[in-house]
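To start, the structure itself, in structure tokens.
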Amino acid sequence: MLDIRALQMSYGAEPVVENVDLGVAAGEFVSLIGPSGCGKSTLLRAVMGLQKPTAGNIRLDVEKAEIGFLFQDDALLPWRTARDNVALGLRIRGRSKGEARQEAMHWLESVGLGQFGDRYPRELSGGQRKRVAIAQVLALRPKLLLMDEPFASLDAIVRHYLTEDLLSWVEGEDLTVLMVTHDLEEAVAVSDRVVLLGNGPRAHVKGRWEIDLARPRDLLRVKEQPEFATTARQLWDALSEEVRTPTIRQRPELEVVNQ
Ligand SMILES: Nc1ncnc2c1ncn2[C@@H]1O[C@H](COP(=O)(O)OP(=O)(O)OP(=O)(O)O)[C@@H](O)[C@H]1O
Ligand SMILES: [Mg+2]
Numbered sequence: 004m005l006d007i008r009a010l011q012m013s014y015g016a017e018p019v020v021e022n023v024d025l026g027v028a029a030g031e032f033v034s035l036i037g038p039s040g041c042g043k044s045t046l047l048r049a050v051m052g053l054q055k056p057t058a059g060n061i062r063l064d065v066e067k068a069e070i071g072f073l074f075q076d077d078a079l080l081p082w083r084t085a086r087d088n089v090a091l092g093l094r095i096r097g098r099s100k101g102e103a104r105q106e107a108m109h110w111l112e113s114v115g116l117g118q119f120g121d122r123y124p125r126e127l128s129g130g131q132r133k134r135v136a137i138a139q140v141l142a143l144r145p146k147l148l149l150m151d152e153p154f155a156s157l158d159a160i161v162r163h164y165l166t167e168d169l170l171s172w173v174e175g176e177d178l179t180v181l182m183v184t185h186d187l188e189e190a191v192a193v194s195d196r197v198v199l200l201g202n203g204p205r206a207h208v209k210g211r212w213e214i215d216l217a218r219p220r221d222l223l224r225v226k227e228q229p230e231f232a233t234t235a236r237q238l239w240d241a242l243s244e245e246v247r248t249p250t251i252r253q254r255p256e257l258e259v260v261n262q
């Protein structure tokens with residue numbers, strides 16, 4: 004569904020991502036991890052078409068309209084109710100006002116917010132706003148879901164339940180997912196494959212882990228399996244190694260040594 008080949012991304016003259024190959028098959032859930040600043044969000048922006056690669060290729064087997072996005076900050080419009088926020092995308096897709104509202108309520112109910120349709124974003128908690136944002140995305144029936152640390156700002160319990168729900172929607176709707184996360188356990192628990200993007204001088208793929216845990220997965224049970232612990236530990240070690248490696252970007256004096 005998504006095929007990235009020899010991708011290079013730069014800000015001005017400074018290359019940030021170099022020579023990244025990454026494929027995501029239909030129905031696959033792939034998580035992208037890596038040290039802060041290594042280029043994960045930049046890579047995701049390239050897939051969304053928000054930023055042009057300086058070299059390489061991105062092939063997408065879905066229409067732009069079939070791609071859903073979920074970011075750390077939700078993009079709810081403060082002057083619209085939860086229902087009208089969800090309905091907006093449906094209106095843009097050509098639904099009548101009545102249809103859009105009805106479908107919006109269906110999706111709000113499916114994320115457990117059936118009673119909150121008339122609330123404005125400021126009247127909702129962070130976790131509830133995130134659920135509205137999820138309803139907004141699911142309502143458009145995406146085939147590919149791109150997520151950049153979608154639950155990073157939430158507390159552990161809310162995060163757990165949202166991840167659990169997300170997992171069942173993804174498994175139920177047969178979605179293809181590429182998610183950036185800092186949470187290694189979450190990455191192992193939900194993914195079919197975890198890809199580690201390395202630190203500098205330019206980000207490239209440092210490791211890949213296939214997660215052969217059966218589906219559908221129970222987010223709590225899956226963590227009790229021996230394979231889960233082994234893989235999570237390997238990821239931790241690999242990521243720690245990357246974090247300890249200073250980037251040339253962060254340590255300009257190294258540039259002289261390496262040239
Ligand atoms: N608009 C920009 N202009 C110049 N440099 C940028 C810009 N946005 C990001 N960068 C740089 O590009 C590198 C990669 O940034 P990016 O946001 O992709 O990292 P990330 O892996 O998503 O990090 P984090 O885990 O902290 O979100 C960083 O060194 C960052 O400073
Ligand atoms: Mg980022």
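Note that this note's numbering has the sequence shown beginning at 4, numbered continuously upward. Ideal Cβ positions, reconstructed from N, Cα and C, are used throughout, including at glycine. Fair warning: this is a prediction, and the values are worked out from it, not measured in the lab.
Query, Result
"Hey, Gly92 and Leu143: beta-carbon distance below 7 Å or not?", "yes"
"Could you have a look at Asn88 and say whether DSSP puts it in helix, strand or coil?", "helix"
"Identify the residues that DSSP records as bridge partners of Ala206: which are they?", "Val20"
"So what's Ala138 in DSSP terms, helix, strand or just coil?", "helix"
"Along the chain, where does the beta strand (DSSP E) that runs through Met182 open and close?", "179–183"
"Less than 8 Å between the CB atoms is what I'm expecting for Val183 and Lys43, so what's the real figure, rounded?", "4 Å"
"Excluding five sequence neighbours on each side, which residues of the same chain lie with their C-beta closer than 7 Å to the C-beta of Arg247?", "none"
"Cα separation between Val259 and Ala49?", "Confidence at Val259 is low in this model, with a pLDDT of 43, below 50, so its placement is unreliable and no value can be given for it."
"Curious, which full-length alpha helix (DSSP H) runs of at least 4 residues does the region 67–136 contain?", "85–95, 100–113"
"Tell me the rounded alpha-carbon separation between Asp151 and Met51.", "12 Å"
"Output needed for His163: all residues of its chain with C-beta closer than 8 Å, excluding positions within five of it in sequence on either side, in chain order.", "Leu222"
"Between Glu21 and the rest of its own chain, which residues show a CB-CB distance below 6 Å, the 5 nearest in sequence each way excluded?", "Gln11, Arg205, His207"
"By the 10 Å Cβ neighbour count, where 16 or more other Cβ atoms means buried, how is Gly175 classified, buried or exposed?", "exposed"
"Can you tell me the Cα-Cα spacing of Leu116 and Gly101, whole angstroms?", "19 Å"
"Who are the near neighbours of Phe74 in its chain, counting only those whose CB is closer than 6 Å to its CB and skipping five residues on each side?", "Asp151"
"Nearest to Ala192 by alpha carbon, out of Ala29, Leu216, Val89, Ala9?", "Leu216"
"Assuming Ala9 is part of the beta strand (DSSP E), what are its boundary residues?", "5–14"
"Can you tell me whether DSSP reads Phe154 as helix, strand or coil?", "coil"
"Taking 6 Å as the cut-off, does the CB of Val246 come closer than this to any heavy atom belonging to ligand 1?", "no"
"Using only the alpha-carbon positions, how far apart do Ala85 and Ile137 sit?", "11 Å"
"Measure the CB-CB distance between Ala241 and Gly201 and report whether it falls below 7 Å.", "no"
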